[in-house]
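Numbering (the UniProt record's numbering), first residue to last: 1 to 312.
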Amino acid sequence: MKGPLFYSKILLFGEYGIIKDSKGLSIPYNFYNGALKVEENPSEKAIKSNKELQRFSDYLGELNKEKSTPVRFDLDSLNEDLGEGMYFDSSIPQGYGVGSSGALVAAIYDKYAFDKITVLENLSKDKLLKLKTIFSKMESFFHGKSSGLDPLNSYLSLPILINSKDNIEPAGIPSQAQNGNGAVFLLDSGIVGETAPMVQIFMENMKQEGFRNIIKDKFVKHTDACVENFLEGDFKSLFGNIKHLSNVVLDNFKPMIPKQFHELWKKGIETNDYYLKLCGSGGGGYILGFTQDFEKAKDALKDHKLEVVYTF
1 MKGPLFYSKI LLFGEYGIIK DSKGLSIPYN FYNGALKVEE NPSEKAIKSN KELQRFSDYL
61 GELNKEKSTP VRFDLDSLNE DLGEGMYFDS SIPQGYGVGS SGALVAAIYD KYAFDKITVL
121 ENLSKDKLLK LKTIFSKMES FFHGKSSGLD PLNSYLSLPI LINSKDNIEP AGIPSQAQNG
181 NGAVFLLDSG IVGETAPMVQ IFMENMKQEG FRNIIKDKFV KHTDACVENF LEGDFKSLFG
241 NIKHLSNVVL DNFKPMIPKQ FHELWKKGIE TNDYYLKLCG SGGGGYILGF TQDFEKAKDA
301 LKDHKLEVVY TF
């Protein structure tokens, strides 16, 4: 048995901001994917995944009892498949900000939800919000608190524009320029990040008025502008806003940036060769980079592993 593939995602803009109703833009990243599988001779990794899925199944059992969750799962089939050793076979790195648990949640919903909303339907805003609510509940098992966006992106395999918490829609993004010099890229920090502690730091900081004002007046403002610039294909304005955003993050999100990258982050802003920003909650995993000249950025970051995500 092998189920359909579900892809990783990249939140280009909106990390932390979407908690406070900034805009956000999330795109599928097809380089990594995962699928539900059963094998006769499972590896150690498969056995570990199966155990985690059993715990997840117990959690979905609790959700089935909750009247407030707008979904029910076929737990008999799920538990039967788990009994046969089903696991999630995934190339998506965990703790890297590219949605490893999101793809798993999407795969389970796709196979075991009763009356599921399918990708082939006319996806009205109401249906998208309902899916997001369901996925938020499901993914909370992994993160403590989830927006539901990662699974939504993985399930639909479409770019998603977040206008606000209650207003999301599929987005058309400018097509990539195959021979363009500009690029969005991932920089591998070599460290596994954990979402929950990072979000906790952010929520603690939000109790301070000064930090709240910075988020509202600078972080959200530049995030919103970046989303609009990107969707319009206005890359000149985009880089001005990303530079501001990169600066705001360096000054106010230090715990989310691994220490050894503080100087590299600053150097990008000073030289304009590249600008770095958080990919997901930070603390490790991938760091997202933007450059108008990828060759220049590659040279400046030659000691690091880079992966191009999008070219323009």
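In this text, a Cβ means the ideal position worked out from N, Cα and C, and glycines have one as well.
Query, Result
"contact_flag[the stretch 13 to 30, the stretch 107 to 121] where n(CB pairs < 8 Å) is 3 or more", "no"
"CB of Phe219 within 9 Å of CB of Val248, strictly", "yes"
"Phe239, enclosing alpha helix (DSSP H) - first and last residue", "Phe235 to Asn252"
"Entirely enclosed beta strand (DSSP E) segments - the stretch 153 to 204, minimum 3 residues", "160 to 164, 167 to 170 and 183 to 188"
"Option in Leu156, Lys132 and Gly61 with minimal Cα separation from Leu78", "Gly61"
"Whether Tyr275 touches Phe312 by CB criterion (9 Å)", "no"
"Which residues DSSP lists as bridging Ile269, in chain order", "DSSP lists no partner for Ile269."
"Pairwise C-alpha distance: Ser154 and Asn181", "28 Å"
"Nearest-angstrom Cα separation, counted from Asn41 out to Ile19", "43 Å"
"Per-residue DSSP class, three states only, for Pro28", "strand"
"Through-space distance from Phe230 to Gly3, alpha-carbon basis", "34 Å"
"Sufficient close CB pairs (3 or more, under 8 Å) joining the stretch 262 to 275 to the stretch 283 to 291", "yes"
"Beta-bridge partners of Val308, as assigned by DSSP", "Phe185"
"Ser57, DSSP secondary structure in three states", "helix"
"Through-space distance from Ser49 to Pro151, alpha-carbon basis", "18 Å"
"Among Asn163, Leu131 and Glu39, the one whose alpha carbon lies nearest that of Gly148", "Leu131"
"Given 8 Å, three or more beta-carbon pairs between the stretch 85 to 97 and the stretch 27 to 41", "yes"
"Uninterrupted alpha helix (DSSP H) stretches inside the stretch 41 to 113 (no shorter than 4 residues)", "44 to 65, 75 to 83 and 100 to 112"
"Endpoints, the alpha helix (DSSP H) within which Ile134 is located", "Lys125 to His143"
"Span of the alpha helix (DSSP H) around Gly285", "Counting along the chain, Gly285 falls outside any alpha helix (DSSP H), and DSSP gives it neither H nor E."
"DSSP state of Ile10 mapped onto helix, strand, coil", "strand"
"Cβ neighbour criterion (16 or more within 10 Å) applied to Thr223", "buried"
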